[in-house]
Amino acid sequence: RNSRECNRPIALKVNYRLTVPARVTFTVQHITDGQLVKGRCVAPTRANRRARSCSRPVALRGAITRTSAAGANRFTFDGRLGGRRLGPGSYRLIATPNTNGHAGSSHSLAFQITS
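See the structure below:
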């Protein structure tokens, strides 16, 4: 692996369509390993290490807010959230529209960052 590969920019083109103008908030969850304990996926600990494994979403700090028009919209997500670059792993981008104080239904998009 050379230094150029490690510093390669991340670009995720996000396309979305709205029926009315809205402010859309994009949040990111990191999909990490967990252990299934009493029907819930929790962080691995020494006590639950033999429990069944599961995928656990962890919300990351920060969000991207876009004021969007009705119809087709798009932007490029550069892999940075809250001023920090996302590391390798599996993630989920969640879009939540908000019009006049009323939140619409959220939609998500899974993506991965490789070294």
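Quick note on the working numbering: the sequence shown kicks off at 48 and runs consecutively.
Heads up, the beta-carbon is just placed ideally off N, CA and C, and yes, glycines get one too.
In this text the structure is predicted, and so the values were computed from the model without any measurement.
Proximity to Lys-60 [Cα-Cα], best of Thr-92, Ile-111, Phe-122, Leu-133: For the purposes of this step, residue 60 is taken as the residue at position 13 of the sequence shown. Selected option, being the one with the closest Cα: Phe-122.
Any beta strand (DSSP E) of 3 or more consecutive residues that is wholly inside the segment 62-98: 69-84, 87-89
Sub-9 Å separation of Ile-141 and His-149 beta-carbons: Sequence index remark: in the sequence shown, residue 141 carries index 94 (1-based). Sequence index remark: in the sequence shown, residue 149 carries index 102 (1-based). No, they are not a contact pair.
7 Å Cβ shell around Thr-79 - same chain, five flanking residues per side excluded: Here residue 79 refers to the residue found at position 32 when the sequence shown is read from its first residue. Same-chain partners within the cutoff: Arg-103, Val-105.
Heavy atom of the ligand GTP within 8 Å of Leu-59 beta-carbon: With respect to the ligand GTP, the structure shown offers nothing to examine, as it has no ligands at all.
Distance between Ile-160 and Gln-76 (C-alpha atoms, nearest Å): Within the sequence shown, residue 76 is the residue found at index 29, counting from 1. Within the sequence shown, residue 160 is the residue found at index 113, counting from 1. Going from the Cα of Gln-76 to the Cα of Ile-160 covers about 13 Å.
Buried/exposed call for Ser-115, threshold 16 Cβ in 10 Å: The count along the sequence shown starts at 1 and reaches residue 115 at position 68. Ser-115 comes out buried.
Per-residue DSSP class, three states only, for Gly-118: Residue numbering aside, residue 118 sits at position 71 when the sequence shown is read from its first letter. Three-state DSSP puts Gly-118 in a strand.
Supposed contact pair Gly-81 and Ala-90 - C-beta distance, whole angstroms, cut 8 Å: One-based indexing of the sequence shown puts residue 90 at position 43. One-based indexing of the sequence shown puts residue 81 at position 34. So it is a contact: roughly 6 Å between Cβ atoms.
Gly-118 to Asp-125 span [Cα, whole Å]: The residue you call residue 118 lines up with position 71 of the sequence shown. The residue you call residue 125 lines up with position 78 of the sequence shown. Rounded to whole angstroms, Gly-118 to Asp-125 spans 23 Å at the Cα level.
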